[in-house]
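> Using the working numbering, the first residue of the sequence shown is number 114, and each one after it goes up by one. Even for Gly, the Cβ is constructed at its ideal location relative to N, Cα and C. Here the structure is a predicted model, which means the values were calculated and not measured.
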Amino acid sequence: MLYTEKYVVAFNNKHRFNHLGKIDLKEIQSEPYLDRLNCELRDTLRAICQDQEVNLYAAYRSNSEDWIVNLVRAGMGVALMPEYSLPANADDVRCRYLSNPEISRQIYAIYYPKNEKYTEIKNLLTVLIHR
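(1) Can you tell me whether residue 140 is buried or exposed? The criterion is at least 16 other CB atoms within 10 Å of its CB, across all chains shown.
(2) If I measure Cβ to Cβ from residue 203 and keep anything under 6 Å in the same chain, skipping five residues before and after, which residues do I get?
(3) Could you tell me how far apart the beta carbons of residue 147 and residue 192 are, in whole angstroms, since I believe they sit closer than 8 Å?
(4) When you compare only the Cα positions, how much space is there between residue 136 and residue 121?
(5) Going by other Cβ atoms of all chains shown within 10 Å of its Cβ, with 16 needed for buried, is residue 190 buried or exposed?
(6) How would you call residue 171, buried or exposed, if buried means at least 16 neighbouring beta carbons within 10 angstroms?
(7) Does DSSP put residue 136 in a helix, a strand or coil?
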């Protein structure tokens, strides 16, 4: 495992969530939700919402992370995203950690052993193993 990444609630810089330190999942249900269709935890989130009786209304759905970030930027809603997935040019997008529940994912590095013959792969493996 390389690292664990928490999920955050992303919203624009004029949103009412700006004054909060963390955001409960229940607070999001009153907001237009921007649904990331390629989210690997989408089914997990659906189950958590069902357990907590939270109904997220998907105002927009997209396979494109850029489109979701642009909708957040425009104030069209909020999105749940991995904390390190916001692009560098998203200075006008704010985020807070999701709480109750906290959701995270684990990031792993996997390689195909036959690729070890490439210098770049060997160098990367050396860095990852000795970090």
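With the structure as the only source:
(1) With 16 or more other Cβ atoms within 10 Å, it is buried.
(2) Only 182 meet the Cβ criterion.
(3) Correct: roughly 4 Å between the Cβ atoms.
(4) The alpha-carbon atoms of residue 136 and residue 121 are separated by roughly 8 Å.
(5) In summary, residue 190 is buried, with 16 or more beta-carbon neighbours lying within 10 Å of its beta-carbon over all protein chains present.
(6) Under a 10 Å Cβ-count criterion, residue 171 is classified as exposed, with fewer than 16 other Cβ atoms of the shown protein chains found around its own Cβ.
(7) In this structure, residue 136 counts as strand in the three-state DSSP scheme.
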